[in-house]
Structure formats: structure tokens, C-alpha cells
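Residue numbers (my numbering), protein chains in the order written: chain G, 1 to 340; chain U, 1 to 410; chain V, 1 to 239; chain B, 1 to 102.
Don't be surprised by glycine CBs; every beta carbon is placed ideally from N, CA and C.
Structure first, then comments.
Here it is, written out as C-alpha cells:
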């Protein structure tokens, strides 16, 4: 096995573990931030300022009884959370965490894979991720779960389209589907008169960025698009019947996909590891944190959409906007190339 | 087993019908253990996709026979039971019952006590509206509202605690006024609250009224036409949201509401949003009423009609004079016997017209106690509003009726 | 390279086994999951055959969209009696397998005796890499030599969308949902009545403008708005 | 066998196609039949892509792309028909749908 492949494997393991650890503390940070926004204290009993809370939660979920409903479709019921959980971190494979570094004399790339269809790969994994939710909803033999699964199917199909189309503008400008290439292009400096601006795609594609943000929230089933699990309507929706570590798989999957999509957004629109001083993975982390904060902020602030309003937003508002964005970007690109 | 509901439609039949119906209808049993039914209410929904075809509320999971209990307790012993009907606005329930008994006995509390009763009633309305707002917003998905609302409700509960020692089940009102002195710090607390609260309320409104998702979730949803509102016998914000000008405080003023200057907000469309606006405006009017009460209230004067045989004698005198001691003994052991007759007293409760109907046969125990609880009557409109609505709207509709299951099931 | 062959054979075996599972599973949802597995393996085989773009499209379109739609319809059409076995009649089964075997034999012969060999094109591994990658090559070819077919495909998709809209619209003969009961105004059994018709009476009212287009009417007195519009009109005429 | 042979993908394509065909012929649930049709289309794609790989051409891949696009259109229409069918007849059993057989 050549060293390149080996280093990729090692890096993949590192990314996976960091993601899992981040995810655990993501729940802690979410609870703390929400508490601050809602005028309360948040977890503060387990460890100093509640820092051990995620571990306590994880332990609790692991040792809880694993209940399988009597009429459930047993095999699918067991499969669904695994499917969700396995697919969530896989998408992180294409995210570049920086340039290559030298470890023990080996050149190690700070990404798991640089494939030329990275953006499509990301979308493909995202579209597979919904299977866990749909199947979990179906297999629970519970009508709330079934409704949750149906909602998830319709919602993810609709917003997958929006998500994909919102990236087309960036792809037109960069001319590549590889995330490494997209990041490299963004690290150039744009000079407009006296202004020295980074060539981040958020500046050239602001509309696409906003639409991507909305679609990303919908894609991860977070408030205000958390219809598949709307706890005040569907009592948890697709995971109503899940308990113990199977529930925690769904839970982990949701948070991991949140982190991954934040990293992806930071990579595509905010220049990834590019920063004003000393480029590096910390810039990516900072940018992703902004997105994650945005997620939490939304959750504390806005009410939930209704099913028909959700669909209406996707098809009547976002789709036309994103198509207009593609058209405009195409024209500008052609004009820039001197083809018009 | 066949559960009869008000319209005489057995629940079992509707489930059977849905199962044999060829049109892919699904029966969804919402509750009694559901986070958004505000307690133990069960709603049997017949769905087609996400659209509601039929909606049957099933009540009685919290039935404790409060009315029957009233027929086995002496008049003054029933007051704590009224706390436990609508437990988010206990002082209002106490007030309605005490007013009914006072009407039966033909006595009236002194001026100062009446003003305090009004203040406590309006504070109870505010507390109840805050709980309503928080839970209603939470049902629709605005997570933080409930915490903000409960924060402000805490101030009101502190006032209740200072006044009577209890926070939730206050058992606050007494025959003929108040037998204990008003705590010194209480007027200051009420004034502070009146100063703080409008700012807080403005904050809530910026969070909700200008939020497009909140607007789209509440506007045009659950419309009750004025005719329907009247024929369903709705009261409170459900009626006024549809534009009917009926407020017990204005229509048949009790206490000193005829001395107050306040306005009754009326909606124009009768949807969830109008009821929200009406309740928000009612909160502002309540604050103004409390302020007027604090202004008009005499600083001195008796708090209770201690001379009346229906009222417990002053605590200080019980141990000093033989007469008061005897009266006290009889009042506590035997209770008082109002004259024969029947009486209906309605008050404007936070949820609508709360009526107490009492029949006295001249003994210390009432012959009949009947509660006209507003949310029980208002809940009738749920199937009317839910038909053709989306599944997600049901929680908004249950929220907009503002039910407390203790009061619905009694 | 032997590893390549091994991986290919493994992927093919899983694809075939799950395809067989698809047609033999009793529960259509299980069939759909088996089909997902087949498609994922097919996508992997596409990557092995140097068609990365197609692999991604295969997953996004087939598994991501088409199969999610199928699952959606599966759950929607009959949620209560979903796991039903819709297998064919015995005759049908025998006939089906027979035809399958015959076809398999025919195709096997055709493959093994294949003589047609085309000229190798320029797009071998080096050629594709030189042109910038699989996607770049497909893009360039698609929008140079295949403009007309791609337009036609776009038209087909548009027609399909319109057709699906037409098919999916609600039934015309569907029984209308029960009409809302509107009842004539009755008295509230209190000293005050209520308006039959609010709107004209409200023109003179004390109106508080709320957010947006909403108004709240502030009633100062219980006697406001208790006469109907008709009565008002009559009063005005008599005066 | 040290190298990937063209016969391998051809047999895979044929096998998947035939499995799909047998499914169409033997199953009665219209949705499963529909899935079988999708499988047959995918198997044809394998052949297209395989030949493109064998002869270092791109035409096969481009045609596979068209096939996927048409399959998506077909899926939309097919599922629409199935929805309309279940709405009117309340069945997904192909043997009970005989309107066109007369």
C-alpha cells in the first residue's frame, strides 16, 4: 500500500474522530448558547460549568433499554439509524482542511480525498442520508413516525434541488467541481480600486449564499425546517419509537451533518482555510462556527414552518431565485470571457 | 366501549368509518399523552395526507368531579377547589366563586378590598395570558417565547406569594374581603411590575408580530366567523377575535370595572392572529387597569366586612371577645348558611366568561354548584376550525383556544 | 491489476444478489432498499469504469430522487396494508423465469462470440486527464456535438413535469369537504346583543393599527356595535 | 485473469437486465414492477459506460446520461400514474387494472 493512501486513511480516521468529539461538544455548546439566549444557565452540574454533560448524556443513551416496537419492521428498524449515522460523516471526506504538511518526512495532504466530482459527491451523500429518516419513519409502525418520514422525503427532495442549484453559480465561476480547486481560487486577492478583498464566493455569489444557507438548514432538518421531527406536532416524528443508542445514532447523525454542511459552506463560500493572516484550519473552524451559531440562533428565534409553506418556499420562492442567479452568473461569466 | 362526546358521535364509529373508507384516510390519535394538547386531552384526527378531514376532541381524562365536590363542602371550603380548575389563573377562579357567594348572601366587600381583588384578578389574567402566549408560541415552534413568558410570570407569582403565601393554587379570596392585612411591600411590587412589563411585552411583539413565519402560521388559520362564534357560545378572546363586542367587564360590570377606563380590543378577521392581537392588547389594558386601581384605591379603610355573619371575624378579636370567639367557632365548625335561592355570577376570566351558578337550600352546604368554564365551551370550536386545516395547524388551534384541562374537564 | 478485478467481481456479485433480492422480497419497501443497494454498487462500478460524473449522477438522480419518490409513494398509497405480497400467479412465474433463462442463454452466446470491435477513441485515461477530467470532457462533448439531444431531453423533462402535475392534481369528482356550518345569529342571553354585520359599523370605530394590514377595533362601551347595519340604515332614512 | 475483461461488465449488465425483466413478468405490485424497469434502465447504462471504457470513447457515457435523464422523466410520469391509479382504484395490483385490456 503506498504511503499516500495510508496517510489518507490515517487522516480520515482523525477527521472522523474529531467530528465525533466536536459533535458531542456541539450539543453542549448548543445548550449553553440557547440558555444564554433564553435567560437561563444551561447545563452546569456535570463537571466544571457542565463540561462533562455530553459524556453523561452519551453514557445515559448507551445504557438505556433498546426498545423495538412489537409491530415494527424489525430489520429496517435496526438498519435505519445505522444508515443515517454512517452516511453523515462520509461527506466530510472531500473537505480540504488545509494545504499539505510534512509529517515524519512524508508529505501529508490535509484532505481525505481530492476528487474531481467533490461537490456532486457531497450532494449525493446528502441525498442518501435521508433514507435513514424515511426508513426509520416507515419501520416504526407508528403513524407519527410515518408522517415524519413522508415529510422528510418530500422536504429533502425539494431542498436537495435548491441546494444543488445554488452551488451551480459557484461552479460556473470556479470552473471546477473539486473543493481543493475551489479553495485555491478563493485564496487569491481581488483588487477593486483601493479595496483589497478576498476572492471569496460569498462576495460574487451573495444570493446563492443566502439560498444555500436556507436549503442547508432544511437539508439537515433543523428549526425552522424541523418538520420531520416537529416535537410539538409529531412528538419526534421519525424517531418517536427509537430509544437508547439507536436514538443517539439519529441524534449524532443530525449534529454531524450540521457540522459537515457548515464546513462545506465555509469551504465553498467563505474561502475555506483562507484567512487574513496565517491561512490554516483554524480559519475554517472559525467560519464553520459562525454557521453553527447561526443554526442555534435560528432554533431559538423562529417558529416552525407548516408543510405547505415549506414546499411553497422551496418551489415558488427559492427555485425561481436560484434559477435567476444561475442565468445572471452565466451571462456575467460569458461576458467576462469575452464570449458575449 | 363507546365514548360519547358532546355531539353524540361515538368515537369508535369514526375510527371504523375511516378504516373502511377507500380514500386512504388515516386516523391519528393525538393525545392524551401529547406535548401540544396542553394536558390530557385526546383529539382523534382523521387525516387525508396532512389535511384534516375530521377532528373529535375527547375529554374527561382530568375529570375530578369538582361540581359534585362543591355539593359536599361548605361554601368557604370550596374555594381551594376553584384553584384547581383553571390552575394558571387561580385568583380569577377564587374571585368568581366568592362573588357568587357574596351575591347569594347579599354582602359586598369594602372598597379597598375590592380594589385589591381587581388587581389580583387582572394579575391573574396577565399570568394566564403569559402562559398562553408561551405555550402557543412553543407549539408553533418559537422555542424561546415560553421561557421569556415564564420569566415575567414569575414576577406575578412573586406578587401572589407575597400577598397570600401561595404561588399557583392561591386560595386567595375570602368572604367579605380580606381577613389579613395587605403586606407593606405589595403596592411597590405591583407598581414595579406595571413599569417593567410593558417593555417586556414590546420585546415579545418584536419577536413574533414582525416574524414572517409567525404571521404565515397564524394569519388566515382557524377562522371563526362572527355568526359561528356566537352560535358556538364562545366567549373571551375567541369571541372578540371574531369582532363581537362582548366583555363581561363592560356588559355586566362587577367589582369596580364601571369606574375604570379601558377599551375592549376586537379583531376583524377572526383568525388565530386576531386572537393573538386581542390577547396582547388585553394585556396592555390590564396593566392600565391595575395602574388605575392603584391610583384610585383608598390608602386606609377596612379590608373586610367583619360585622357580617357570613364573614369570618377579625383574627385579633377572636381571642379577646367572647362574641367573636363564638362566631368564629360557629363559622369554622358549622359554616354559614346563606338565604335560600339561586345565583349566577359571571366574571371576565382570562379565557372568557367564567360563570358560577349556585343553588342554596338554606343549609351551610350548597345544593348545587355549577361551573361555566370558558375554555370548555370554547373548545367546541376546535372541530369547526380544524376541518380542512393542516395537521400542523391543530396545535396552533388548540393553543389559540387557550385551554387548561383542569378547567375543561373540571 | 488483480485487485481491480476482485473489487469489480465483488461489486457485481452484491449488485446481482441485491437485484435478485429486490424481485423476491415480499415487502415492497424491502425491495426498494435492495434496489438502493444495487444502484450504489452500480455507481461504484461506474467509478471503476472511469465515469465519475455518471456515478455521482446515478446516486443523486436514482437513489437520491427516484427511489426516495418511490418510497414516498409506497408509504403514501397504502400506509395501513403495505407489507402485502403481490406475487404473480404460478403460471406467470414459470413463464417469467423461462423467458429470463432463454434470454440469458442468448445474450451469453452473443457476448462470448462477439466480433464487433470499434476503433479505440482518444478518451483513455491519459486523454481524459489531459482534457481536465471526466466532467470537463463530458461537458465539452455534450455541449458541442449533442446540443440537439440535450435540448430534446430538456423538453422531455419539462413535458414529464407538466404531465406529473396533471396526473397529481386532486380529483374533480372528489366529494367536497363538509361545508362549514354557518348559523344565524342568536342572542347571547345577556343584556347586550351582537352585530349581524360588523363591517359598516366599524367605519366610525376607534381603530388601533397593528402590524401590517391588521386593525384592532377598540370598543370603549358595551353598547357599541350592537345594532345591525340594516337598522342603522333605517334609522338614517327615518331621520 | 489479471485485467478487467469487457465480458465482465457485459455479463453484469445482462444479468441485471434479465433480473429486472423477470421481475416485471412475475411481480404484480405495480410499484415493484416500476422499480424493475428502473433496474433494467440502469443495467443498460452499465453496458453503455462499459463500452465507452473499453474503446476509450465518451459517447457511451453521454448516452448513459441521456438514459438517466429519460429515466427520471419516466419515473415522474410513472409515479404520477400510479398515484392516480391508487386514488381511483385503491389498488397497486397490476392484475386488477384491466381498463385497457378490453
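Could you check if residue 109 (chain V) is buried or exposed, using at least 16 other CB atoms within 10 Å of its CB as the buried criterion? Around the beta carbon of residue 109 (chain V), fewer than 16 other beta carbons sit within 10 angstroms, so the residue counts as exposed.
Does the pairing of the region 185-199 of chain G with the region 252-264 of chain G give three or more beta-carbon distances under 8 Å? Touching, no.
Tell me whether residue 48 (chain U) sits in a helix, a strand or coil according to DSSP, three-state version. Note: residue 48 (chain U) maps to strand in three-state DSSP.
Pop quiz: residue 364 (chain U) and residue 74 (chain U) are said to be a contact at Cβ under 8 Å. What is the actual Cβ separation, rounded to whole angstroms? The pair is a contact, with the Cβ atoms about 5 Å apart (cut-off 8 Å).
With DSSP run on the structure shown, which of helix, strand or coil describes residue 209 (chain U)? Looking at residue 209 (chain U) - three-state DSSP - the assignment turns out to be coil, as it is neither helix nor strand.
Taking 8 Å as the CB-CB limit, is residue 321 (chain U) close to chain V? Not an interface residue.
Would you say residue 41 (chain V) and residue 65 (chain V) are within 8 Å of each other, going by their C-beta atoms? No, Cβ-Cβ distance for residue 41 (chain V) and residue 65 (chain V) is not below 8 Å.
Would you call the region 18-28 of chain V and the region 393-404 of chain U in contact, with 3 or more CB pairs under 8 Å? With the cut-off at 8 Å, the region 18-28 of chain V and the region 393-404 of chain U do not touch.
Start-to-end residues for the beta strand (DSSP E) that takes in residue 232 (chain G): No beta strand (DSSP E) holds residue 232 (chain G); the alpha helix (DSSP H) holding it covers 231-234.
Determine, using beta carbons only, whether residue 167 (chain G) and residue 268 (chain G) come nearer to each other than 8 Å. Against a cut-off of 8 Å, the Cβ pair of residue 268 (chain G) and residue 167 (chain G) comes out as a contact.
In this structure, how does DSSP classify residue 27 (chain B) when only helix, strand and coil are distinguished? Secondary structure at residue 27 (chain B): strand, using DSSP grouped into helix, strand and coil.
So, for residue 149 (chain U): in the same chain, excluding its five sequence neighbours on each side, which residues have a beta-carbon less than 6 Å away from its beta-carbon? For residue 149 (chain U), same chain residues with a beta-carbon under 6 Å away, outside a window of 5 residues either side, are 130, 133 and 134 in chain order.
Which residue spans inside the region 72-144 of chain U form an unbroken alpha helix (DSSP H) run of at least 4? Runs of the alpha helix (DSSP H) inside the region 72-144 of chain U: 79-83, 90-105 and 111-140.
Does the distance from the CB of residue 53 (chain V) to the CB of residue 117 (chain G) come in under 8 Å? In this structure, residue 117 (chain G) lies closer than 8 Å to residue 53 (chain V) by Cβ.
If you draw a straight line from the alpha carbon of residue 97 (chain U) to that of residue 90 (chain U), how long is it in whole angstroms? So the alpha carbons of these two residues sit roughly 11 Å apart.
Contact set between residue 144 (chain V) and chain B, taken where Cβ atoms lie within less than 8 Å: Residues of chain B passing the Cβ test: none, with the nearest at roughly 11 Å.
Can you have a look at residue 5 (chain G) and say buried or exposed, based on whether 16 or more other CB atoms are within 10 angstroms of its CB? Residue 5 (chain G) is exposed by the Cβ-count criterion.
Listed by chain order, chain G residues near residue 134 (chain V) by CB distance under 8 Å: The answer, in chain order, is 116 and 117.
Classify residue 82 (chain V) as helix, strand or coil using the three-state DSSP reduction. A caution first: residue 82 (chain V) carries a pLDDT of 45, below 50, which makes its placement in the model unreliable, though a value can still be read off. It is coil, neither helix nor strand.
Start-to-end residues for the beta strand (DSSP E) that takes in residue 348 (chain U): Per DSSP, residue 348 (chain U) belongs to the beta strand (DSSP E) from 341-349.
Between residue 52 (chain B) and residue 157 (chain V), is the Cβ-Cβ spacing less than 8 Å? Cβ distance not < 8 Å, so residue 52 (chain B) and residue 157 (chain V) don't count as in contact.
If we count the other Cβ atoms within 10 Å of its Cβ and call it buried at 16 or more, is residue 31 (chain B) buried or exposed? With 16 or more Cβ atoms within 10 Å of its Cβ, residue 31 (chain B) is classed as buried.
Assign residue 203 (chain V) to buried or exposed, taking buried as 16 or more other Cβ atoms, counted over all protein chains shown, within 10 Å of its Cβ. Residue placement at residue 203 (chain V) is poorly supported in this model, since its pLDDT is 46, which falls under 50; the coordinates still yield a value, given next. The residue in question, residue 203 (chain V), is exposed, as its Cβ has fewer than 16 Cβ neighbours within 10 Å.
Residues from the region 140-159 of chain G in contact with chain V, defined by Cβ distance under 8 Å: Answer in chain order: 143, 146, 149, 150, 153, 154, 156 and 157.
Kindly indicate which three-state DSSP category residue 106 (chain V) falls into: helix, strand or coil? Correct three-state label for residue 106 (chain V): helix.
Under a CB-based cut-off of 8 Å, is residue 161 (chain V) close to chain G? No, because no Cβ of chain G sits closer than 8 Å to the Cβ of residue 161 (chain V).
Is it the case that the region 270-280 of chain G contacts the region 73-93 of chain G, given that we only count it when at least three CB pairs across the two stretches are under 8 Å? Taking a cut-off of 8 Å on C-beta distances, the region 73-93 of chain G does not touch the region 270-280 of chain G, as fewer than three cross pairs fall below it.
Would you say residue 12 (chain B) reaches chain V, if we count a Cβ-Cβ gap shorter than 8 Å as a contact? At least one CB atom of chain V sits nearer than 8 Å to the CB of residue 12 (chain B).
Using CA atoms only, rank isn't needed, just tell me which of U:276, U:126, U:274 and U:106 is closest to residue 311 (chain U). Here the closest residue by C-alpha is U:106.
Counting only the same chain and skipping the five closest in sequence on each side, list residues whose C-beta sits under 7 Å from that of residue 170 (chain U). Same-chain partners within the cutoff: 83, 90, 91, 94, 160 and 164.
Within the continuous beta strand (DSSP E) that includes residue 93 (chain G), where are the two ends? It is not in any beta strand (DSSP E) - residue 93 (chain G) carries neither H nor E in the DSSP assignment.
Start-to-end residues for the beta strand (DSSP E) that takes in residue 196 (chain G): Where residue 196 (chain G) is concerned, the enclosing beta strand (DSSP E) starts and stops at 195-198.
Residues bridged to residue 67 (chain V) [DSSP beta-bridge criterion]: For residue 67 (chain V), which the question treats as bridged, DSSP gives no partner whatsoever.
Short of 6 Å in beta carbon distance, which residues of its chain neighbour residue 186 (chain G), apart from the five on each side in sequence? Order them along the chain. Taking residue 186 (chain G) as the centre and dropping the five residues before and after it, the same chain places the C-beta of 199, 200, 271 and 274 closer than 6 Å to its C-beta, in chain order.
Contact with chain G by residue 36 (chain U), beta-carbon distance below 8 Å: Taking CB atoms only, residue 36 (chain U) has a neighbour in chain G less than 8 Å away.
Any C-beta of chain B under 8 Å from that of residue 113 (chain V): Interface with chain B (8 Å Cβ-Cβ cutoff): residue 113 (chain V) is excluded.
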